[in-house]
Amino acid sequence: MFFVLFVFFVGFIFHSLVNVRYDVSGKAQSESYVLKKSTTHSIERNREGSFVDTVRPESSLDTAEPLVETGIVVPGKQPAEIEEQPCPT
Amino acid sequence: MKKIKIRFITQVVSLGGIDFYFFRLKSLCVPALNCHSCPAAVFACPVGALVNFAGLRIFPFITIGILGLTGIIAGRFVCGWICPFGLFQDVLNRVPSRGVSVRLPQKLNYTKYAVLAMFVFAIPVLLPSSNYTFCFFCPAGTLQSTIPWSLMGVTSGDNARFAMRLSILALVALLAIAAGRGFCRLFCPLGAILSFFNRISLFRMRFVSPCNNCGICARKCPVGIDPVKQMNTRDCIRCLECTDPPHLKFGVK
Numbered sequence: 000m001f002f003v004l005f006v007f008f009v010g011f012i013f014h015s016l017v018n019v020r021y022d023v024s025g026k027a028q029s030e031s032y033v034l035k036k037s038t039t040h041s042i043e044r045n046r047e048g049s050f051v052d053t054v055r056p057e058s059s060l061d062t063a064e065p066l067v068e069t070g071i072v073v074p075g076k077q078p079a080e081i082e083e084q085p086c087p088t
Numbered sequence: 000m001k002k003i004k005i006r007f008i009t010q011v012v013s014l015g016g017i018d019f020y021f022f023r024l025k026s027l028c029v030p031a032l033n034c035h036s037c038p039a040a041v042f043a044c045p046v047g048a049l050v051n052f053a054g055l056r057i058f059p060f061i062t063i064g065i066l067g068l069t070g071i072i073a074g075r076f077v078c079g080w081i082c083p084f085g086l087f088q089d090v091l092n093r094v095p096s097r098g099v100s101v102r103l104p105q106k107l108n109y110t111k112y113a114v115l116a117m118f119v120f121a122i123p124v125l126l127p128s129s130n131y132t133f134c135f136f137c138p139a140g141t142l143q144s145t146i147p148w149s150l151m152g153v154t155s156g157d158n159a160r161f162a163m164r165l166s167i168l169a170l171v172a173l174l175a176i177a178a179g180r181g182f183c184r185l186f187c188p189l190g191a192i193l194s195f196f197n198r199i200s201l202f203r204m205r206f207v208s209p210c211n212n213c214g215i216c217a218r219k220c221p222v223g224i225d226p227v228k229q230m231n232t233r234d235c236i237r238c239l240e241c242t243d244p245p246h247l248k249f250g251v252k
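Taken in sequence, the protein lines are chains A and B.
For the first sequence, numbering that gives the first Met the number 0 begins at 0 and goes up steadily by one.
For the second sequence, numbering that gives the first Met the number 0 begins at 0 and goes up steadily by one.
Shown next, in the form of structure tokens:
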């Protein structure tokens, strides 16, 4: 019983590391990546079923359009100051 | 050195490893109830991971794998020796309570399975946008995240929620003073998951000499079970305090 369950759970981890990939903002990402992102609630599932990284990577932060001063969000443009925030629960 | 001191030292060292501050590995969860939003957290919380993955509607292979491996090797051993929130309760249980001691009915122990089913799986899956998951109420999250972040000036901005969380933590603290590991017995969803492995784990409790009915082990048990009659039941957190009288031993069965 022990060895069966041991192999079963090791298989879970191995399967995740080798096979499991999720479409996150158009890139194939591992479960570990999703786990890390979920700790700051910075990943969401969109209507198509794939995942959206709600925090943009640093490289695109540099080139992002600045926020409109009035606070109106322009469609298709994200605020440049978004950072991964801790969840204060 | 007495076993209780060794356990305390192990718990403190584990706390230092889980909340090390200078290191981050949140793509991995540690099989103990700790808040990954804690400013010093190194790892992800397994319960938080299950809640988040349920909300995203994906199967948490790594988290289940880690919890399963932990459980199949030693059952709820991590509850007794590694869990930081267990340490919090153990310390509070040492507070002199002037004879205020509560023995909780055994039937209440099933509450944790309802908490696991409802607040870790059902609500996040059925109502992904709902806040009312286990993390919303988690006293470990309040202790490790809400309080430190609020001291650092970061809050959710919801005072009613903050007050509710502090109230829950205060109630759990009172429960720990009066009834030892009351939270672990009644509400901990991680304990509920690991409890399924207690009877089949590689390392288990066993008799090494005949019981003389001295009752010491039952009096020492922080979860209020009688280790002689209820050996390896789902509520045993494997703290090994019952092994001081040399009738019981923890080892490979």
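The beta-carbon is built from N, C-alpha and C at its ideal position, and this holds for glycine as well.
All values reported here derive from a predicted model rather than from experimental measurement.
Query: With 16 as the cutoff for other CB atoms within 10 Å, does Met204(B) come out buried or exposed?; Result: buried
Query: Quick check on DSSP: helix, strand or coil for Ala43(B)?; Result: strand
Query: So, do the region 19–30 of chain B and the region 44–51 of chain B have three or more beta carbon pairs nearer to each other than 8 angstroms?; Result: yes
Query: Can you give me the Cβ contacts of Ser144(B) inside the same chain, cut-off strictly under 6 angstroms, excluding the 5 residues immediately before and after it?; Result: Cys34, Ser36, Cys37
Query: I'd like the list of long-range same chain contacts for Leu193(B), defined as Cβ closer than 8 angstroms, with 5 residues on each side in sequence excluded.; Result: Pro30, Leu66, Thr69, Gly70, Gly74, Arg75, Val77, Cys78
Query: Could you list which residues in chain B have their beta carbon closer than 7 angstroms to that of Ser41(A), in chain order?; Result: What Ser41(A) touches in chain B: nothing, since even the nearest Cβ is about 11 angstroms away.
Query: Between the region 191–215 of chain B and chain A, which residues of the former have CB atoms less than 7 angstroms from a CB of the latter, in chain order?; Result: Ile199, Leu201
Query: Could you tell me which residues DSSP pairs with Ile42(A) in its beta bridges?; Result: Asp52(A)
Query: In three-state terms, what does DSSP make of Cys28(B)?; Result: strand
Query: Chain B beta carbons: is any one of them nearer than 9 angstroms to that of Val19(A)?; Result: yes
Query: What did DSSP end up calling Val67(A) once you bin it into helix, strand or coil?; Result: Any reading at Val67(A) must be qualified, since the residue scores a pLDDT of 40, below 50, and its modelled position is unreliable; the value itself is stated next. Reduced to three states, the DSSP call for Val67(A) is coil.
Query: In chain B, what lies closer than 8 angstroms to Arg44(A) by C-beta?; Result: Leu55, Arg56, Pro127
Query: May I have the straight-line CA-CA distance separating Leu86(B) from Ile42(A), to the nearest angstrom?; Result: 32 angstroms
Query: Looking at the structure shown, is Met204(B) part of a helix, part of a strand, or coil, going by DSSP?; Result: strand
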